[in-house]
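To start, the structure itself, in C-alpha cells.
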Amino acid sequence: MKTYQLTLVNRLLSILVICLQITPSVAQTNASKKQPNILWIVTDDHRYDAVRGFNKMIHGREMSELGYVESPNIDRLIAMGTTYKNTYVHSPVCAPSRSAMHLGRYPFRSGIYQFEYYNNNLPHFKPTLPEQMVKEGYQTFHVGKLGVRIKTLKEGKPTTHPIYQNAISFKQMHKDGLTDWGKDWIKEVDGQTLEEPLKSVEYFVSPEGTFTYASLELEKERPSHRGKTALANKKYDILRHYKKGEKEHPTKGIILSGVSPQPAGKTRDGYYNRVLLDYLNNTAPTFTVGSQTVAGIAPDKPLFVHLGYDFPHTPVLPPATFRERFQQETYKVPQFTKEELAKLPEQIKRFIKSKGTDHFTAEEKQKMIQDYYAFCAYGDSLIGEAVDGFIAYSEAKKQPWTIVYVHGDHGWKLNDHGAVSKCTPWELDSHNPIVIVSSNKEKYPAGKVVDAFAEFVDIAPTILAEAGADITKDAYTYLDGMDLALIANGTAPERDYIIGESHAATGPRAYIRTKEYVFSMRIRPQKARKGEQIRWALTAPYQAIDPSLYHTTKDPKELNNVAFDKAYKKIAQKMRVKLANIVLGDNRVEVDWGTWGEGTKVYYSNFAPGVHDFKLNLD
2 MKTYQLTLVN RLLSILVICL QITPSVAQTN ASKKQPNILW IVTDDHRYDA VRGFNKMIHG
62 REMSELGYVE SPNIDRLIAM GTTYKNTYVH SPVCAPSRSA MHLGRYPFRS GIYQFEYYNN
122 NLPHFKPTLP EQMVKEGYQT FHVGKLGVRI KTLKEGKPTT HPIYQNAISF KQMHKDGLTD
182 WGKDWIKEVD GQTLEEPLKS VEYFVSPEGT FTYASLELEK ERPSHRGKTA LANKKYDILR
242 HYKKGEKEHP TKGIILSGVS PQPAGKTRDG YYNRVLLDYL NNTAPTFTVG SQTVAGIAPD
302 KPLFVHLGYD FPHTPVLPPA TFRERFQQET YKVPQFTKEE LAKLPEQIKR FIKSKGTDHF
362 TAEEKQKMIQ DYYAFCAYGD SLIGEAVDGF IAYSEAKKQP WTIVYVHGDH GWKLNDHGAV
422 SKCTPWELDS HNPIVIVSSN KEKYPAGKVV DAFAEFVDIA PTILAEAGAD ITKDAYTYLD
482 GMDLALIANG TAPERDYIIG ESHAATGPRA YIRTKEYVFS MRIRPQKARK GEQIRWALTA
542 PYQAIDPSLY HTTKDPKELN NVAFDKAYKK IAQKMRVKLA NIVLGDNRVE VDWGTWGEGT
602 KVYYSNFAPG VHDFKLNLD
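Going by my numbering, the first residue of the sequence shown is number 2, and it counts up by one from there.
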C-alpha cells in the first residue's frame, strides 16, 4: 500500500476514535441494540411430566404415566427453541433453589441451604444476576414470586436489599385484591383494628373484591365472621393435607385441591401476566399497579424481565373452566408399598410421615392429581400469553430477544413414594428441564434437544453471556455453572454427574446423580453446629450416613433402594466419597445467618479443592 493511502486510513481511524469519544451515548445505543431483550420465566413445584414435549423426549410418550396432560404453549416453545432435557436442581426446595439460580452458585458455595434470610455483606458474596445485568447496561424488572431472601446490613442491622431496579411486590398485589388467594398477617378487618394481629392467615378474594378469611381465631373475635371459613371451604371445594390418623383441619395444611374464586386471567398468576403486558405497553415515565408505582421502560436500554409464576404451587386452585375439563379424566395413582417403605432412609421416612398421602381416600387422591394437572394446563396458557407479548414488544421495536424458560424451581410428588411436596432427591423432585428460545436461531436452533447434563447454576452465566458479558474474565470466576449455549454446541466440559443438597424437611442430605445411578446420604451428624464435624460423612459408619442408592436404568421409578446390596457396594462407596469431598471439601461455606440474616460468622472448608471436576468413573 502507498504512503498516501496509509495516511488516509490513519486519518479516518483518528476521526472515528474522536467521534466515539465525543458521542459515547451513540456508541452505547448502537451496542445496546445488539443486546437482546431477555425474558426469564420460572414456574413453581412443576413436575416435568406435566408437559407433553418433555414426556416425548424423556419417555417416548406424550402423556404422563399418571394420565392426561396438556401443554400446547410450552410444546410450542420446545419447537421454537433448544431444550435441555436433563437439567437438574441443586436443592428441591423453593428458596435455596431460587437463590442458586440468582447467584449462579451451588448451595455449598453460597451457604444458603434452606429458608434462612441472608445478607450480602460477606467476603464470598458477589452481585446477584439482575445486579450484574445492570452493569451490562440492562434495565431490570420483576413481577410475581421471587423467593430470594436476601438482605443487606446497615449499621449491623438487616434491611431490605432490592435486586431488581423495578419490582412489583406480589404481597402488595394480594393486599390490593389483585389475586384470588393470599396469605398475610391481618391487623384490620371491616375497617376495625384487631386486638392482636392474626399471623399467616389465608384469604380468598371473590370477583367482587370481597375478602373471605380462613381463620377460626377471627371467627371467635368477630361474630359476624362465624361460619365463613367452613362456607369458603365448601364453596371452593378445598382439600387440605392431613396426616395419617388425623382429620382434615379447616385452616391448617397445604391446599392440594380446590377451585379458584376467580375466573381464568384474574388469579394470582393471571394478574402477573396482566402486569407484565401492561408494563410492556406502557409509554409513560412511571407504571402503576394497584397501590404500587415504579419507573416505566427506558426505550434506549435492553430489557431483562423476571416473571415468577406461583403455579402449580399450593394452593392448587385452577380456574373453574380448566378444572371442569380435567375432572372428566381418571388418573393412575402412584402406588406405595411396604417393601419400598422398609428400604427408605430414616430421613426420608420422617419426611413421608409429615407429607404422606397414601392414607388419603381414592377420591381425594384423584382430586389432587386432577387439579394439579388442570393448574399446570392453566399456567401453560399464561406462559403462551406472556411469551407472545414479549416477542411482540421486542419485534415492534426491532430488537433481538431471548426467552429462558425454567420448568419449575423443582418438581412435586402426587402420591409418588407415598407423599406430596418436594424436598427429596428423587427424580420427580429434582428433574426440571430448561428451554431457551431466541431470535438468534444459530445460537439456539429450533427443535434442538440437548442430552447432556445441565444444572440450575448454568442459568446465571447463560443469561450474562447472552447479555454480552465475557464470563471467562476473572470477575466471573465465582460462577459455578456453564453457558448453556456452549453445552448445546458441545464445546463445554461434559458432566458425568450432577449434585444437589437439601436441608429443609429432611435434615442435611446431599445427592449425586449419574446417567445410571443416584446416591444420597446424610452429610452432617444430628444437631451439628455450623462449621463443626465437616468431614463426618467421610468417616462415619456407613449405616450412620443413612444412604440410598437407586440403579435408575433398571429401576427408573427409584423404588428399590440398593444401598445395602453387596452387589452395589463398590459403586455406593465411590459415589459417597466423591459426593462428600465435593459438597463438604471443595470450597464449602457455612454461615450462622442469625435472625433475619444479620449473621456474619463464616466457616470455610476446603480440604478437597478441585475435586468437583465433573468426572466420575464407576467401572
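Ideal Cβ positions, reconstructed from N, Cα and C, are used throughout, including at glycine. Please read all numbers here as calculations on a predicted model, not as lab measurements.
State yes or no: is the C-beta of Val43 within less than 9 Å of the C-beta of Leu308?
Yes, these two residues count as a Cβ contact at 9 Å.
What does the Cβ neighbour count give for His360, buried or exposed, with the cut at 16 atoms within 10 Å?
Classification of His360: exposed, given that the 10 Å Cβ count is below 16.
So Cys95 and Asp410 are supposed to be a Cβ contact under 8 Å. How far apart are they, rounded?
That belief holds up - the Cβ atoms of Cys95 and Asp410 are roughly 6 Å apart, short of 8 Å.
Could you give the residue range of the alpha helix (DSSP H) that holds His175?
Where His175 is concerned, the enclosing alpha helix (DSSP H) stretches over Phe171 to Lys176.
With burial defined as no fewer than 16 other Cβ atoms inside 10 Å of the residue's Cβ, what is the status of Phe126: buried or exposed?
Answer is buried; the Cβ neighbour count reaches 16.
In angstroms with no decimal places, state the Cα-to-Cα distance between Asn490 and Asn441.
If you take the alpha carbons of Asn490 and Asn441, they lie about 14 Å apart.
Alpha helix (DSSP H) containing Thr315: first to last residue?
From DSSP, Thr315 is part of no alpha helix (DSSP H); its letter is neither H nor E.
Could you round the C-beta distance between Phe352 and Thr425 to whole angstroms and report it? I think they count as a contact, below 8 Å.
6 Å between Cβ atoms; contact.
For the segment 520-527 against the segment 578-595, do three or more pairs of beta-carbon atoms, one drawn from each stretch, fall closer than 8 Å, so that the two count as touching?
Because the criterion of three Cβ pairs below 8 Å is met, the segment 520-527 and the segment 578-595 touch.
Provide the residue(s) that pair with Ala215 in DSSP beta bridges, ordered along the chain.
Beta-bridge pairing links Ala215 to Glu203.
Confirm, please, whether the CB-CB distance from Glu63 to Arg53 is below 9 Å.
Yes.
Where do the ends of the alpha helix (DSSP H) carrying Leu539 lie?
It spans Trp537 to Thr540 - the alpha helix (DSSP H) in which Leu539 sits, taken as one unbroken run.
Answer with buried or exposed for Ala447, where buried requires no fewer than 16 other C-beta atoms within 10 angstroms of its C-beta.
By the 10 Å Cβ count, Ala447 comes out exposed.
Can you confirm whether the segment 116-134 touches the segment 587-600 when touching is taken to mean that 3 or more C-beta pairs between the two stretches lie within less than 8 Å?
Contact between the segment 587-600 and the segment 116-134 is present, because at least three Cβ pairs lie under 8 Å.
Assuming Phe520 is part of the beta strand (DSSP E), what are its boundary residues?
Start and end: Tyr518 to Arg523.
Rank Ser216, Thr362, Met174 and Glu247 by C-alpha distance to the C-alpha of Val276 and give the top, closest one.
Closest by alpha carbon: Met174.
Can you tell me where the alpha helix (DSSP H) with Ile59 in it begins and where it stops?
Its alpha helix (DSSP H) spans residues Arg53 to His60.
Among Gly68, Tyr85, Leu580 and Ser422, which one has its Cα closest to the Cα of Pro434?
Ranking the options by Cα distance to Pro434, first place goes to Tyr85.
Less than 9 Å between the beta carbons of Ser422 and Tyr114, yes or no?
The answer is no: Cβ separation not under 9 Å.
Spell out a yes or no on whether the segment 141-155 and the segment 98-107 are touching, meaning 3 or more CB-CB pairs, one atom from each, closer than 8 Å.
Flag = yes, the segment 141-155 and the segment 98-107 touch.
Take every Cβ of the segment 150-162, pair it with every Cβ of the segment 317-335, and state whether three or more of those distances are shorter than 8 Å.
Judged by Cβ distances under 8 Å, the segment 150-162 makes no contact with the segment 317-335, as fewer than three pairs qualify.
By Cβ distance below 6 Å, which residues in the same chain neighbour Ile460 in space, the five residues on each side in sequence not counted?
Result list for Ile460: Met102, in chain order.
Runs of 4 residues minimum, wholly inside the segment 356-403: which ones carry the alpha helix (DSSP H) assignment?
Entirely contained in the segment 356-403, the alpha helix (DSSP H) runs reaching 4 residues are, in chain order, 363-397.
Between Leu487 and the rest of its own chain, which residues show a CB-CB distance below 6 Å, the 5 nearest in sequence each way excluded?
Excluding residues within five positions, the ones whose Cβ falls inside 6 Å are Ala493.
Considering Cα atoms alone, identify which of Ser395, Pro208, Ser261 and Asp620 is closest to Leu281.
Cα-wise, what sits closest to Leu281 is Ser395.
State the DSSP-derived secondary structure class of His250, mapped to helix, strand or coil.
It is coil, neither helix nor strand.
CB His47 to CB Phe454, shorter than 9 Å?
Not a contact, by the Cβ cut-off of 9 Å.
Pull up the DSSP beta-bridge partners for Lys155, would you.
Lys158, per the DSSP bridge assignment.
How many Å lie between Pro37 and Tyr204 at the Cα?
Roughly 40 Å between the two C-alpha positions.
Take Ala1 and list the residues in its own chain whose beta-carbon comes closer than 6 Å to its own, dropping the five residues that flank it on each side.
Since the first residue shown for the chain is 2 and the last is 620, residue 1 is missing from the structure and cannot be characterised.
Relative to the alpha-carbon of Val519, which residue among Ala506, Ile499, Ile255 and Ser170 has its alpha-carbon at the smallest distance?
Per the Cα distances, Ile499.
Whole angstroms are fine: how far does the CA of Ile437 sit from the CA of Ala529?
Approximately 41 Å, taken between the alpha carbons.
Strictly by DSSP, which residues pair up with Ala455?
Note: Ala455 sits in a beta bridge opposite Thr88.
Assuming contact is defined by CB atoms lying nearer than 9 Å, are Leu219 and Val206 in contact in what I supplied?
No, the Cβ-Cβ distance between Leu219 and Val206 is not below 9 Å.
The beta strand (DSSP E) spanning Asn38 covers which residue range?
Asn38 -> beta strand (DSSP E) spans Asn38 to Val43.
Measure how close the beta-carbons of Arg110 and Asp481 come, nearest whole angstrom, since I'm counting them as under 8 Å.
Contact flag correct, Cβ pair sits at about 6 Å.
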